[in-house]
Amino acid sequence: MTTTTKHAVILGNGVAGYTTALKLRELQPTWRITMISGESTYPFSRPALMYVYLGHMRYQDTKPFEDHVWREKRIELVRDWVTGIDTERRRLTRTQGDPIDYDELLIATGSRPNKFGWPGQDLDGVQGLYSLADLKRLYDVTPRTRRAVIVGGGLIGIELAEMVHSRGIPVTLLVRERSYWSSVLPPEESVLVNRQILGAGMDLRLQTELGSIVDDGQGRVCAVITKQGERIDCDLVGLTAGVSPNVDVAKAAGIPVGRGVLVDRTLRTRVPHVWSAGDCAEIDGEPGAKSLLQQVWYTGKLQGDVVAAGMAGSPRAYDPGIWFNSAKFLNLEYQTYGRVNLKVPGESSVYWERADGLAALRVVYTESGVIGFNTMGLRIRHEVCERWIRDALPIERVLERLAEANFDPEFFTRHEAEMTRAFQAQLGAMVAT
Amino acid sequence: MNTDSTALPAYDEESGVFGEPEAPQGHGMSVGERIALAVCVLGTLAFLGAIFGDRQSLLGLGGLAAIVVGASVYFALAWRHKGSAELNDFAFFRTARNRGAIGWALGIAMTAFYVVLYWWPSYLEPAIRTLDPLSLRLAGKPANQWFLYGLVYTVAVLTFGVRMLVRHRKNRYQVVRTSSVMFFQIVFAFLIPHILEFFQQPEYYLTYFWPLKPDYLFPGSVRALIDRPGGVGMFLLLWSTLATFVATPILTYYYGKRWYCSWVCGCGGLAETAGDPFRHLSDKSTKAWKLERVVIYSVLAFIVLTTIVVWLHASGHAGWLGGTADKLSRAYGFFIGSIFSGIVGVGFYPLFGSRVWCRFGCPMAAILGIQQRLWSRFRITTNGGQCMSCGNCSTHCEMGIDVRAYAQRGENIVRASCVGCGICSSVCPRGVLKLENGPTGPDRIAGNTRVTLDV
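If you read the protein sequences in the order shown, they are chains A and B.
The opening position of the first sequence corresponds to residue 41 in the numbering used here, with each subsequent residue numbered one higher.
The opening position of the second sequence corresponds to residue 62 in the numbering used here, with each subsequent residue numbered one higher.
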């Protein structure tokens, strides 16, 4: 630990940014720490945006920490957009105030909704759902929206559909794949999501791609035309076909960029004293392996932790650990641990689904042991799944111990007996063939 | 940074109304819902008719029954199609549920009801007389203001209990727990006390204990029970004493304070049913938590002191106390029993949420809480690193616990104030929280190996 006082500047106040700030404060009590964002004064939980629109929470309820925390931790919050980085002089320019000099800089600028060059993609009423500005735009367009078209079958698409639907607005979802989120979900789970969408009374168009977005003559969207040539009148188009790293500022500063801001495994960019983490960072893989672009909440947190250590003088390699994630598709909760549907050599899986189609469990394994879990409508324990995957527990042992992983609330119906019967039948059938 | 945002945004996310729609378009009311509400209105009219007409007729009771049935059917119809994701849609946009005009009106009306009930019951006389037919059959004597209060209270728990049951029909913890508070309210806090009266026994509430019901262990009541001929008095005394000193610590050790606060207690029962629409209005700030600790333990100290003093006084060896014992117990009854638990506790539901009394005032909750924090198997477990800090858990915690603060650092939640209602777990969109009873080792609180922020 060094005793000289430095100024660390964090560009972006998302989870990677604020984790870095708070961790760095623990490690370097005397440093000056500044966090800059034009989006919001205080950090908020980006995944919670939808709940503000739904009326489940107010904006201030989405803040992970009370406002006074930032004062107490002496983390200076600057509300501004950064316009340029001079990596030689270590200086940031911004739109409103004087330039800011840094000793260490973190670029944690997140990502932005993909736009694939669709005609009309920049019309009024066409938007993604990523930032507070997107939320504001959505508020503004909602009162005049008679139908919304959501493009893209992923996690944000279904959230946006749920939001708009809550206001009684008819929703059409255009999904390129044969089934919802089938690039990630195995077919059976994906069908359960399709059913949620259809059950809510939404119009789900599978294997349908956006062709163009139609201008009403005044710069507003009035319809979309699918690649099949069908016209769907609408006043709101949600572009939710994934996100891409927001690298503009880094790129303009001459910081090497690939898909994201290129960083080594300690999350250092190719330029001295500049780091990058979160959605916008592209991390060198193990030698010979693909680079990593991890764009979920917990990876932002883990990476912020690594950057803080690095800035403070004890760099550490980022260890992504065993993958996990979760989501909620309308009323259907989803959890995943490890590797599922990734075509790992020698992989098989056993799958159980409750008769009502509102709960399911998949266990993925190879000859050497279990590698992944998927649940729908069930909750299972992160630590148990992680341990079993790390130890490559043989599938037979997993089936014996399924009850240990259960995380459903008390009094919920337990399904282990039924699951085990189904799984053993599937395993037996596999042995027989 | 967005390149298209060279200027600062044209919104103020810190303004209280950021995101509040001017007039939220709801899904309209169905015919069934309209009919059910109409039955409610007719019931109210019938009750009013009875009050101003022939009070002894059964019209008034029929009206009450119509209110219960109409409201229950309305809630059932309104919520039957809603899934877990939709339960809190628009919660902050409703003027009744976000301290808007209707919220304030409700708060003032409920507060006024308590004020009249405590200090000017004569204004309620017409309504009370309307209940005589029921009171005579149940308790064998004409109704009084407390009979009216008990009935209204039970009706509220019942109808809003149905609302909870329908809302949470897919969540068996909520179904069982809500059924429990409804059962204890109807049977133990309404029927049994009045049936005891019918048989010339004291109106005794078997689910209220010292120090929530302090006079149950005051010398006056103890002596009255001992002196009562027949075994009932001794049974009640034994029940009350064992419940306070034996059953409560044992049950709290095994299940946390929830066995009482959100499963049995009448105050909890009302909060969990009629109070549910307002649960998100509790204050989650650290400041509120600090205030909570000062106030609730002061009330506990107050009642413990009062109890000691009244016993000293009754022992006859403390003449120097003079009238202190009497003054103390009167002061407690006035400030805590009436003003705090009634007026503030329930009247302010629509302003400060449903658990103001339980959180800031109840001395029973204070004792159970101390035990829960230090010596209990109960905890809310956080599921590894799945928390994404959305804040649904904290927002909908009626006790104002910042659940997210623990969940986002992967720590289990062991807080004195948690009543174990389980709503945090049910509103969590990522399956992070689980109420559990487990070993009391150090890992009861300690979390896991995820990134933790020392805040």
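A virtual CB, placed ideally from N, CA and C, is assigned to each residue, including glycine.
Using a C-beta to C-beta distance shorter than 8 Å, which residues of chain A count as neighbours of ASN473 of chain B?
The contacting residues do not exist; ASN473 of chain B stays about 12 Å from chain A at best.
With a 10 Å radius around its C-beta and 16 neighbouring C-beta atoms as the bar for buried, classify LYS63 of chain A as buried or exposed.
So LYS63 of chain A counts as buried.
In the structure shown, what three-state DSSP assignment does THR123 of chain A receive?
Reduced to three states, the DSSP call for THR123 of chain A is strand.
Where SER346 of chain B and ASP120 of chain A are concerned, what is the direct C-alpha to C-alpha distance, given to the nearest angstrom?
Distance between the alpha carbons of SER346 of chain B and ASP120 of chain A: 27 Å.
Roughly how many whole angstroms lie between the Cα atoms of PRO83 of chain A and LEU94 of chain A?
If you take the alpha carbons of PRO83 of chain A and LEU94 of chain A, they lie about 20 Å apart.
Out of B:ARG238, B:ARG420, B:ALA146, B:SER402, state which residue places its alpha-carbon closest to the alpha-carbon of PRO490 of chain B.
Looking at the Cα atoms, B:ALA146 is the closest of the given residues.
Inspect the beta-carbon positions of LEU342 of chain B and ARG160 of chain B and report whether they are closer than 8 Å.
The answer is yes: Cβ separation under 8 Å.
Comparing C-alpha positions only, which one of B:ILE462, B:ALA392, B:THR443, B:GLY446 sits nearest to PHE421 of chain B?
Ranking the options by Cα distance to PHE421 of chain B, first place goes to B:ILE462.
Under 8 Å between the Cβ atoms of GLY481 of chain B and ARG233 of chain B?
No, the Cβ-Cβ distance between GLY481 of chain B and ARG233 of chain B is not below 8 Å.
Assuming VAL488 of chain B and ASN149 of chain B are in contact, meaning their beta carbons sit under 8 Å apart, how far apart are those beta carbons, in whole angstroms?
The Cβ separation is near 7 Å, so the contact holds.
Determine the burial state of GLU407 of chain A: buried for a count of at least 16 other Cβ atoms within 10 Å of its Cβ, exposed for fewer.
Result: exposed.
Taking buried to mean at least 16 other C-beta atoms within 10 Å of its own C-beta, is PHE260 of chain B buried or exposed?
So PHE260 of chain B counts as exposed.
Helix, strand or coil for LEU273 of chain B? Go by DSSP, reduced to three states.
Note: LEU273 of chain B maps to coil in three-state DSSP.
Any residues in the region 272 to 299 of chain A with a beta carbon nearer than 8 Å to a beta carbon of chain B? Which ones, in chain order?
Listed by position along the chain: ASN286, ASP288, VAL289.
Looking at the C-beta of VAL181 of chain A, does it have a partner C-beta in chain B at a distance below 8 Å?
Judged by the 8 Å Cβ criterion, VAL181 of chain A is not in contact with chain B.
Please name the residue or residues paired with LEU401 of chain A in a DSSP beta bridge.
According to DSSP, which records beta bridges pairwise, LEU401 of chain A is partnered with A:TRP392, A:THR415.
State the beta-bridge partners of ARG152 of chain A as determined by DSSP.
According to DSSP, which records beta bridges pairwise, ARG152 of chain A is partnered with A:SER284.
In angstroms, rounded to a whole number, what distance separates the CA positions of TRP61 of chain B and GLN236 of chain A?
The requested residue 61 of chain B does not occur in the structure, where chain B is confined to residues 62 to 516.
As a quick exercise: from A:ALA88, A:MET97, A:ARG72, pick the residue whose alpha carbon is nearest that of VAL118 of chain A.
Taking only the C-alpha atoms, the option nearest VAL118 of chain A is A:ARG72.
Would the region 99 to 116 of chain A and the region 385 to 392 of chain A be scored as touching if the rule is three or more Cβ pairs under 8 Å?
Judged by Cβ distances under 8 Å, the region 99 to 116 of chain A makes no contact with the region 385 to 392 of chain A, as fewer than three pairs qualify.
By alpha-carbon positions, which one of B:LEU267, B:GLY492, B:TYR321, B:TYR314 ends up nearest to PHE296 of chain B?
Checked all of B:LEU267, B:GLY492, B:TYR321, B:TYR314; the closest Cα to PHE296 of chain B is B:LEU267.
By how many angstroms is the C-alpha of GLN464 of chain A removed from the C-alpha of MET470 of chain A?
Going by the C-alpha atoms only, they are around 10 Å apart.
Checking 8 Å against the spacing of the C-beta atoms, do PHE369 of chain A and VAL233 of chain A come in under that value?
Yes. Within cutoff.
Quick one: which unbroken alpha helix (DSSP H) runs of 4-plus residues sit fully inside the region 91 to 178 of chain B? Chain order, please.
Entirely contained in the region 91 to 178 of chain B, the alpha helix (DSSP H) runs reaching 4 residues are, in chain order, 92 to 113, 120 to 140.
Look at the alpha carbon of TYR269 of chain B and the alpha carbon of THR368 of chain B, and state the distance between them as a whole number of angstroms.
Those two C-alpha atoms are separated by around 16 Å.
Answer yes or no: do LEU120 of chain B and GLY110 of chain B have a C-beta to C-beta separation smaller than 8 Å?
A contact, by the Cβ cut-off of 8 Å.
Taking Cβ positions only, does VAL237 of chain B come closer than 8 Å to chain A?
Answer yes: the Cβ-Cβ gap between VAL237 of chain B and chain A drops below 8 Å somewhere.
If I'm right that LEU342 of chain A touches PRO153 of chain A with Cβ under 8 Å, what's the distance once you round it to whole angstroms?
That belief does not hold up - the Cβ atoms of LEU342 of chain A and PRO153 of chain A are roughly 24 Å apart, past 8 Å.
Along the chain, which unbroken stretches of the beta strand (DSSP E) at least 3 residues long are found entirely within the region 369 to 429 of chain B?
Those beta strand (DSSP E) runs which fall completely within the region 369 to 429 of chain B and span 3+ residues do not exist here.
To the nearest angstrom, report how far apart ARG427 of chain A and VAL410 of chain A are at their CA atoms.
Cα to Cα, ARG427 of chain A sits roughly 10 Å from VAL410 of chain A.
Which residues in chain C sit within 8 Å of GLU202 of chain A, going by Cβ to Cβ distance?
Among the protein chains of the structure shown, namely A and B, there is no chain C.
Can you give me the C-alpha to C-alpha distance between PRO254 of chain B and PRO203 of chain B, rounded to a whole angstrom?
Roughly 15 Å separates the two Cα atoms.
Does any CB atom of chain A fall closer than 8 Å to the CB of PRO490 of chain B?
Chain A contact via Cβ: present.
Name, please, each residue of chain B whose Cβ falls closer than 8 Å to the Cβ of ALA56 of chain A.
By Cβ distance, chain B contributes nothing, its closest Cβ being about 11 Å from ALA56 of chain A, past 8 Å.
Which residue spans inside the region 310 to 385 of chain A form an unbroken beta strand (DSSP E) run of at least 3?
If we require 3 residues or more, the beta strand (DSSP E) runs fully inside the region 310 to 385 of chain A come out as 314 to 316, 321 to 323, 364 to 369, 372 to 378.
For TYR91 of chain A, which residues in chain B fall below 9 Å Cβ to Cβ?
Those are ASN149, CYS451, GLY452, ASN453, THR456, PRO490, listed as they occur along chain B.
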